[in-house]
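Novice: This structure is in structure tokens; I'll ask about it shortly.
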Amino acid sequence: MIYIVHGENAPQSRLLIANQQNKLGIETRMEFELSQTTPQQLYETAISGDLFGNLPFIVLDITSANKQAVEPYIETFKKIPDKANLIIYAQKTLPKTHPVMTELSALNARLITNNKEIESNIFKFVDNLFYKNRSVTYKELEKMIKEDADPFYTMSMIWYGLRTITNYIFQAPSVKNMKPFMLGKAAKQAEGFSTESIKTLFTEMYELDKKTKLGELSPDLAVTIAIEKILNA
């Protein structure tokens, strides 16, 4: 899958990229600036799996590249299979005339724009969701919708919250590295979930994610369904 992540809000873009990598469970991450690779090298890297057939997670930074430099890569982008994982990243807003924007449909890519700072607090939304505080959860969601928050980003943060709770409940090694504040919050939120409910949530969330990728479910509706499943778990 190809994602085009662009906009002036670099911290939000970087957080979304990291969450996407974690959601996919991919350990290997490769980052290149456009000038550091060629179309052929990029293609070979994108389709080259490890000993277990796992494909790498690639972030291609085109921030400093002009349109003419990007154009030779367009055909390569089109050849990259859906099972590959490529983030085309720009720490600026790409104009509609940019090659990756004009070829958006042909690339079958997801476009994520991170420009303005979100006034609503995504972390407040996620915290209250996993505290099962329905009223505050939907209040924060309403703020984000009014501010045109990207539903894919919202879903990635829901995944972030679910992984945090899961790591605590099953006492994953990463729990030892959690800061006291985060550890205390995870412990409190975990009181509302059983091991079985967590397993069920993972199954249901993966189904939502699959349906969204296949175009069977709109991202906005997927967020609402995910919220209800967590609140009722």
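In terms of our numbering, the sequence shown has 163 at position 74, counting the first letter as 1, and numbering is strictly consecutive.
The beta carbon of each residue, even a glycine, is placed where N, CA and C say it ideally should be.
So, do the region 292 to 309 and the region 214 to 233 have three or more beta carbon pairs nearer to each other than 8 Å?
Specialist: Touching, no, given that fewer than three Cβ pairs across the two stretches are closer than 8 Å.
Novice: Which residues mark the beginning and the end of the beta strand (DSSP E) in which Ala-201 is found?
Specialist: The question names Ala, yet the displayed sequence has Ile at residue 201. First-last of the beta strand (DSSP E) with Ile-201: 199 to 202.
Novice: What is the residue span of the alpha helix (DSSP H) that Ala-275 lies within?
Specialist: Taken as a continuous stretch (DSSP letters only), the alpha helix (DSSP H) holding Ala-275 covers 269 to 279.
Novice: Beta-carbon separation of Ile-106 and Val-148 under 8 Å?
Specialist: A contact, by the Cβ cut-off of 8 Å.
Novice: Between Ala-311 and Gln-180, is the Cβ-Cβ spacing less than 8 Å?
Specialist: Cβ distance not < 8 Å, so Ala-311 and Gln-180 don't count as in contact.
Novice: The alpha helix (DSSP H) spanning Ala-315 covers which residue range?
Specialist: That run of the alpha helix (DSSP H) goes 308 to 320.
Novice: Provide the residue(s) that pair with Ala-179 in DSSP beta bridges, ordered along the chain.
Specialist: In the DSSP output, where bridge partners are listed per residue, Ala-179 has His-95.
Novice: Using the Cα positions of Ile-163 and Phe-291, report the straight-line distance between them to the nearest angstrom.
Specialist: Roughly 35 Å between the two C-alpha positions.
Novice: Specify whether the region 281 to 288 and the region 252 to 266 touch according to this definition: at least 3 beta carbon pairs, one from each stretch, less than 8 Å apart.
Specialist: Segments in contact, yes.
Novice: For Lys-318, which residues in the same chain have their Cβ closer than 6 Å to its Cβ, ignoring the five residues on either side in sequence?
Specialist: Contacts found: Glu-293.
Novice: Thinking just about the alpha-carbon of each residue, which of His-95, Tyr-132, Thr-313 and Ala-279 is nearest to the one in Pro-184?
Specialist: With distances taken between Cα atoms, Pro-184 lies closest to His-95.
Novice: Express the C-alpha separation of Asp-139 and Pro-43 in angstroms, rounding to a whole number.
Specialist: With the chain covering only 90 through 322, there is no way to say anything about residue 43.
Novice: What number of angstroms, rounded off, separates the C-alpha of Met-267 from the C-alpha of Pro-145?
Specialist: Rounded to whole angstroms, Met-267 to Pro-145 spans 27 Å at the Cα level.
Novice: Please confirm whether Phe-214 and Glu-229 have their CB atoms less than 8 Å apart.
Specialist: In this structure, Glu-229 lies closer than 8 Å to Phe-214 by Cβ.
Novice: Residues in its own chain within less than 6 Å of Asn-203 by CB, not counting five upstream and five downstream?
Specialist: Gly-96, Asn-98, Gln-101 and Ser-102, listed in sequence order.
Novice: Among all the DSSP beta bridges, which residues are the ones paired with Val-225?
Specialist: Looking at the DSSP assignment, Val-225 forms no beta bridge with any residue, so it has no partner.
Novice: Assuming Ile-147 is part of the alpha helix (DSSP H), what are its boundary residues?
Specialist: Careful: Ile-147 lies outside any alpha helix (DSSP H), inside the beta strand (DSSP E) at 146 to 150.
Novice: Which residues mark the beginning and the end of the alpha helix (DSSP H) in which Glu-296 is found?
Specialist: 284 to 302 is the span of the alpha helix (DSSP H), which, as asked, contains Glu-296.
Novice: What is the rounded straight-line gap between the Cα of Leu-196 and the Cα of Glu-160?
Specialist: So the two alpha carbons sit approximately 13 Å from each other.
Novice: State the DSSP-derived secondary structure class of Asn-210, mapped to helix, strand or coil.
Specialist: It is coil, neither helix nor strand.
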